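Worksheet for the structure shown next.
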């Protein structure tokens, strides 16, 4: 009890962000002093439920000693299943509530909001039914008969001692009138959990008599120094103009000027009455990320936030953002000796080299003496540790329930959406985001299912007063309003009119800001001078015709991007184009590559097609990249000509953002082949000759007919008029998006019936998504004073970034992930043979993977980096079950041990020496150039 309370005090003083301390303090009459007392006291009493017969009977030898002192109890066997009705957290909640009522005059309604932090300290606040069941079994808290009086006296003595030791007795009368907001109850619960976890670590707090003789103060000082948790970021608001700020924080090219939207974003957050939500809508390549990070610095300084969470749609975008976040952190001003905890938050983060470097510099957690200078493993006699200023992936913060507590996090948006999912230890996720500024990138990329969770999370972020920055190039106006209202709260009266204006704003770029409970503010910065006119053209969905056309277009050289909506169409297209242009002149990129090959593909694309000055290997001869949707996001690549399947208009615009993205030879683009100096986009994947355009079945399966037809309708003026009516980027981005996502009808009269049928299916699908998402969605925060009882009732259990976890917040079929290895002719296993050496020059190809022991660390990590998510064919239940059964035939017991963390629990897919295999009735073939190809066996 004393250790937990002491840890809670240390967390409050040296680790908890100022914004969280302010929020808790604001609910109490004595402000921050009261808040600290309350946190320390709750942590101190959280295990009072262990002073009960239901808990004490577990070890008969110790129970017998207690019986010898008059504390009678039945044996564990005699109590039987009834013991489950009194887990020590719930028992502690009951005892603390009773003590407050009987000794301090509180009512039942007043106690729950405080005691729930004790009841929920194992991750789930008690439900009303559990509370009532315990009330019907009082013998679990105190044995019937004369011994019951002694049990009660012991429990009260412990609670009295804690009240005196932690200085709350004289404050309980004033707290009786308090109505704790539910967000504060969540944070108190989370702080009790963190305190308990740290204090329960025997490396930090050795059990008696193993511990060396010392005072309690020495014990906590040793443990806290040994833990070495980096403190929160303490941002200072940058002064000076925006140009100076950007020059000092980002690697700007010589002579580069801040873009108008970047300048306006910083000025807007400086003008806001209090930190809130800001939506930045601006074109692709306009520097929204830099604008967000600059705004973050101001918002953090004003709010007291102690870190940043940058949420991105995919692992690939998270990996791309992580080094940018580290570069920004390196440029932030900080006192000497400052340490920040940093995290890449997705399931394969350990395979990321930048994050692995940070993990490699972190140290083991152990108790140390505060005066030590050396660093080595702790022993009772040791006197060690001194920390240097650094960015660290802190060892204690690596567990799946603790990792998000790191100060600076880049990761998939799933990690944010989990905060809206009823799940165990949800309070920990809320503590993690409550003390940060949250940035949500690519906000247009989330469907109805994900948006249900995102909107609920935004409502909680608003109650926590967490600053949020939302980024999008192609956000529908209706969605803009939904995001703002989710954060600020449902608008009423005069405020409603201002939200109507948000939904009607058609300007671009556009900034929208709102504070919790406030009215939105809109700013309309000028667009940057950079403009691209893209001529659209209908194009037949015929591969022979495509090859003929590209032969003409590329007669003088040039780089073409062909985007297909399915992997099958990518591979079919690449096969035909290679016959015409040669293997070396056609590159394939899609999602069905093993992780290490996918990363190499991205790096290769950036090296060849990235910005001038950074890409040093741009092809001089004709080259074609055939890609799936992986080309839409995160990659700063630049092509001379675009061919794309019809897609929803916002995604089509994202693809156009890869066309003439940079100036090559000035405004006239004179460094591009003469024929390709005018940006052009050929739209295919559609039967344009049908009475109503008929997208190919694969596109309909991915996006639905309605979104595709609305996209075609919005683009008609540009498709019909070609050179006379190009798509003007960025000016036409918002009008096209708003038209495609408007509620009213669109398109020629001849399309009306087809659109209505497609719309009905679309609305049915959206309603189904919303209904299914609501099943496990967290409720909105209830009125102040209402306890968190049943807060995550009927939830999903644990939620984490696994295949099953992601399926809870994304409306996608479950997918199988495998580790791809090669089976040699002699039956032994090895890593695949085409891998390049790692960045330290160590070979990775063909490393032996023995099945009778754990492979070497390098071989195991290399194999783990060859993870592959199997395509949709394996997402159907019967096929998945069959595939799992077949994969589990290669079960390697030697790999399922603690020392095999890279490979334990993984499904292994062995390819033969021709890189082929059969699985669940399918033939699988893999190549470094084309990735995975799947066909019926």
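Numbering (the numbering used here), first residue to last: 11 to 947. Glycine included, each C-beta is placed from N, C-alpha and C at the ideal position. Everything numeric in this text was worked out from a predicted model, so none of it was measured.
Residue i vs residue j beta-carbon contact at 9 Å
i	j	result
residue 205	residue 14	yes
residue 184	residue 40	yes
residue 475	residue 745	no
residue 275	residue 302	yes
residue 316	residue 244	yes
residue 37	residue 267	no
residue 489	residue 751	yes
residue 566	residue 686	yes
residue 353	residue 423	no
residue 426	residue 467	yes
residue 255	residue 264	no
residue 541	residue 740	yes
Reference residue i; option with closest CA among the options
i	options	result
residue 109	70, 141, 69, 55	55
residue 332	344, 343, 342, 319	319
residue 202	415, 790, 544, 57	57
residue 929	200, 937, 938, 918	918
residue 279	525, 872, 804	525
residue 878	826, 843, 262, 537	826
residue 95	105, 64, 73	64
residue 330	608, 485, 493, 75	608
residue 624	647, 186, 747	647
residue 569	674, 512, 450, 865	674
residue 80	425, 294, 792, 152	152
residue 604	874, 690, 700	874
Three-way DSSP call (helix, strand, coil) for residue i in this model
i	result
residue 929	strand
residue 438	helix
residue 395	Unreliable placement is indicated for residue 395, whose pLDDT of 29 sits below 50; the coordinate value is still reported in the next sentence. Three-state result, residue 395: coil.
residue 654	strand
residue 619	helix
residue 22	helix
residue 841	coil
residue 448	strand
residue 956	Absent from the structure is residue 956, since the part of the chain shown begins at 11 and ends at 947.
residue 743	helix
residue 32	helix
residue 599	strand
residue 344	coil
residue 531	strand
residue 373	Reliability of the predicted coordinates at residue 373 is poor, the pLDDT of 41 falling under 50, and no value is obtained from them.
residue 190	coil
residue 272	helix
residue 625	strand
residue 291	strand
residue 883	helix
Residues bridged to residue i [DSSP beta-bridge criterion]
i	result
residue 85	DSSP output for residue 85 lists no bridge partner at all.
residue 876	Looking at the DSSP assignment, residue 876 forms no beta bridge with any residue, so it has no partner.
residue 63	Answer is none; residue 63 lacks a bridge partner.
residue 569	633
residue 418	318, 352
residue 697	704
residue 547	692
residue 937	941
residue 336	For residue 336, which the question treats as bridged, DSSP gives no partner whatsoever.
residue 787	431
residue 738	543
residue 649	669
residue 3	Since the first residue of the chain shown is 11 and the last is 947, residue 3 is not available in this structure.
| said: Taking contact to mean 3 or more Cβ pairs, one atom from each stretch, closer than 8 Å, check whether the region 627 to 638 and the region 604 to 619 are in contact. | reply: In short, these stretches touch, since the Cβ pair count reaches three.
| Are the region 594 to 610 and the region 653 to 660 touching by the rule of at least three beta carbon pairs closer than 8 Å? | Note that the region 594 to 610 does not touch the region 653 to 660; fewer than 3 beta-carbon pairs, one per stretch, sit closer than 8 Å.
| Taking three-plus beta-carbon pairs below 8 Å as touching, is the region 18 to 29 in contact with the region 137 to 149? | The region 18 to 29 is not in contact with the region 137 to 149.
| task | Evaluate the contact criterion for the region 527 to 537 versus the region 555 to 573: three or more CB pairs, one atom per stretch, below 8 Å. | result | Between the region 527 to 537 and the region 555 to 573 there are fewer than three C-beta pairs closer than 8 Å, too few to call the two in contact.
| Touching by the beta-carbon criterion (3+ pairs, under 8 Å), the region 413 to 432 and the region 239 to 258 | Yes, they touch.
| query | Between the region 164 to 175 and the region 434 to 444, are three or more C-beta pairs nearer than 8 Å? | reply | Cβ pair count under 8 Å is below three, so no.
| Okay, do the region 516 to 523 and the region 720 to 727 touch, 3+ Cβ pairs below 8 Å being the bar? | When C-beta atoms of the region 516 to 523 are compared with those of the region 720 to 727, fewer than three pairs fall below 8 Å, so the two segments do not count as touching.
| query | For the region 832 to 851 against the region 882 to 889, are there 3 or more C-beta pairs whose distance is under 8 Å? | reply | Judged by Cβ distances under 8 Å, the region 832 to 851 makes no contact with the region 882 to 889, as fewer than three pairs qualify.
| task | Determine, using beta-carbon pairs with one atom in the region 82 to 102 and one in the region 767 to 784, whether at least three such pairs fall under 8 Å. | result | Short answer: they don't touch.
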